[in-house]
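See structure below.
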Amino acid sequence: LAKTTQPISMDSYEGQEVNITCSHNNIATNDYITWYQQFPSQGPRFIIQGYKTKVTNEVASLFIPADRKSSTLSLPRVSLSDTAVYYCLVGPTLTGGGNKLTFGTGTQLKVEL
Amino acid sequence: EAQVTQNPRYLITVTGKKLTVTCSQNMNHEYMSWYRQDPGLGLRQIYYSMNVEVTDKGDVPEGYKVSRKEKRNFPLILESPSPNQTSLYFCASSLLRTGRSDEQYFGPGTRLTVT
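As you go down the protein sequences, you meet chains A and B in turn.
For the first sequence, our numbering gives the first residue as 1, with consecutive numbering after it.
For the second sequence, our numbering gives the first residue as 1, with consecutive numbering after it.
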């Protein structure tokens, strides 16, 4: 499985756009990029998944350059409730040969007033 | 409401006393999995199941057992718990659907302390 590197922590203010970049130089052809969010003492929650270019849903956007060696999770107009740990995961999908999620240490995002 | 439930949420036990943590999902998901989360180590997979009667080891299976007799349930069994199994445990499930994103749904967690 491709190893991921992301910042340990980030700080932001309410209303700002937050971009968290994840590096995955050894990404394989059949790997997807997935982001999860976790609040203290709660299970992780799926945010978004993509393979290439740009994916957008109601909570975030995911930007993946052509070489796929990195990706950026973009959270528009964050609020205090977005304070959480964000995990970048890289691997095949469950129907594409994968069987698990491999979590790294994540990025602790702190949003202040 | 679509959800993954775990019981108990909190458990303090003693070394060697067998215990079972239950996990149930109401979404008809084929895939289920158990993770443990420890400070500085992130989430690590213990066991997973791709469907009924199909289970396999994850990254840290030692000291644990699982079974998948029904699609909705995936209990985690600690036959002889030891203090190094003190951890926060999460159960997760997912629908297997080719070409769609892999969204895993996690339970609320079970905090286990083994003394």
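Even for Gly, the Cβ is constructed at its ideal location relative to N, Cα and C.
If you're wondering where the values come from, they're calculated on a predicted model, not measured in any experiment.
Item, Value
"Beta-carbon of Gly97 of chain A versus every beta-carbon of chain B: anything under 8 Å?", "no"
"State the beta-bridge partners of Gly20 of chain A as determined by DSSP.", "Looking at the sequence shown, residue 20 of chain A is not Gly but Ile. Ile20 of chain A pairs with A:Leu73."
"Please compile the residues from chain A whose C-beta is within a distance smaller than 9 Å of the C-beta of Tyr10 of chain B.", "Per Cβ cutoff of 9 Å: no residues; Tyr10 of chain B is ~11 Å from chain A at best."
"Are the CB atoms of Tyr35 of chain B and Ile46 of chain B nearer to each other than 8 Å?", "yes"
"At 9 Å on the CB atoms, spell out the chain B contacts of Lys52 of chain A, in chain order.", "Simply none; closest approach about 14 Å."
"Helix or strand or just coil, what does DSSP make of Gly168 of chain A?", "Given a span of 1 to 113 for chain A in the structure shown, any question on residue 168 of chain A remains unanswerable."
"Shorter than 8 Å from the beta carbon of Leu19 of chain B to some beta carbon of chain A?", "no"
"Going by DSSP, name the residue or residues bridged to Arg36 of chain B.", "B:Arg44 and B:Tyr89"
"CA-CA distance, Thr5 of chain A and Tyr32 of chain A?", "15 Å"
"Need the endpoints of the beta strand (DSSP E) that Asn7 of chain B sits in, please.", "Val4 to Asn7"
"Is the shortest distance between the beta-carbon of Arg97 of chain B and the beta-carbons of chain A less than 8 Å?", "yes"
"If you count every other CB in all the chains shown that lies within 10 Å of the CB of Gln37 of chain B, and 16 or more means buried, which is it?", "buried"
"For the beta strand (DSSP E) containing Phe46 of chain A, list its first residue and its last residue.", "Arg45 to Gly50"
"Roughly how many whole angstroms lie between the Cα atoms of Gln3 of chain B and His29 of chain B?", "11 Å"
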